[in-house]
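Worksheet: the structure to be examined is printed underneath.
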Amino acid sequence: LFPNIPELKLHLQTSIDVILTNRAVLDQVLLNLVTNAIKYNDKEQGAVRIYYKEHNQLCEFFIEDDGVGIAEKYHKRIFVIFQTLNDRDSFESTGVGLAIVKKILDSKNQEIKLLSEPGKGSVFSFTWPKY
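Just so we're aligned, residue 231 is where the sequence shown starts under the working numbering, counting upward by one.
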């Protein structure tokens with residue numbers, strides 16, 4: 231599925247409080263973000279961390295990778311449908327995954343943030359209501 235990464239370490243925070251939500255929608259957000267973290271990792275031994283922090287009525291989820299990273303000038307562009315930063319031949323990418331994430335979060339009045347630099351990986355974080 232991801233032939234560019236011979237080995238990947240996945241660090242997953244296993245303890246989480248109860249969240250009453252539509253699981254399929256949250257799964258879609260997490261799946262798209264984790265898939266991108268894996269797909270755009272250029273390391274021999276890549277790593278992806280998935281963790282969260284609690285804030286009153288919200289949880290903030292983090293998907294952190296040590297992959298290629300994204301220049302700041304592209305941080306907004308990546309959330310636009312059919313936009314990809316790589317040649318169509320480089321990766322099998324439709325450019326819709328992050329647009330779907332953004333649309334879901336916008337519909338719930340939640341936000342997504344990106345901290346990233348080329349060569350230093352990325353941290354996507356998003357808020358999600360607990361109830």
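Beta carbons are placed, not taken as given, at the ideal position from N, Cα and C, and that holds for glycine.
- In the DSSP assignment, K283 falls within the unbroken beta strand (DSSP E) covering 275-285.
- One thing to note: N262 has its Cβ within 8 angstroms of the Cβ of L328.
- Taking C-beta atoms as the reference points, I280 and L242 count as a pair closer than 8 angstroms.
- The Cβ neighbour count for A254, taken over all protein chains shown within 10 Å, is under 16; the residue is labelled exposed.
- When secondary structure is reduced to three states using DSSP, L335 falls in the helix class.
- T357: member of the beta strand (DSSP E) spanning 352-359, first to last residue.
- Taking the C-beta atoms as reference points, F309 is found no nearer than 8 angstroms to W358.
- By the CB criterion at 8 angstroms, K360 and Q287 fall inside the cutoff.
- E347 places its beta carbon less than 8 angstroms from that of G299.
- In this structure K332 is buried. Its beta-carbon is surrounded by 16 or more other beta-carbon atoms within 10 angstroms.
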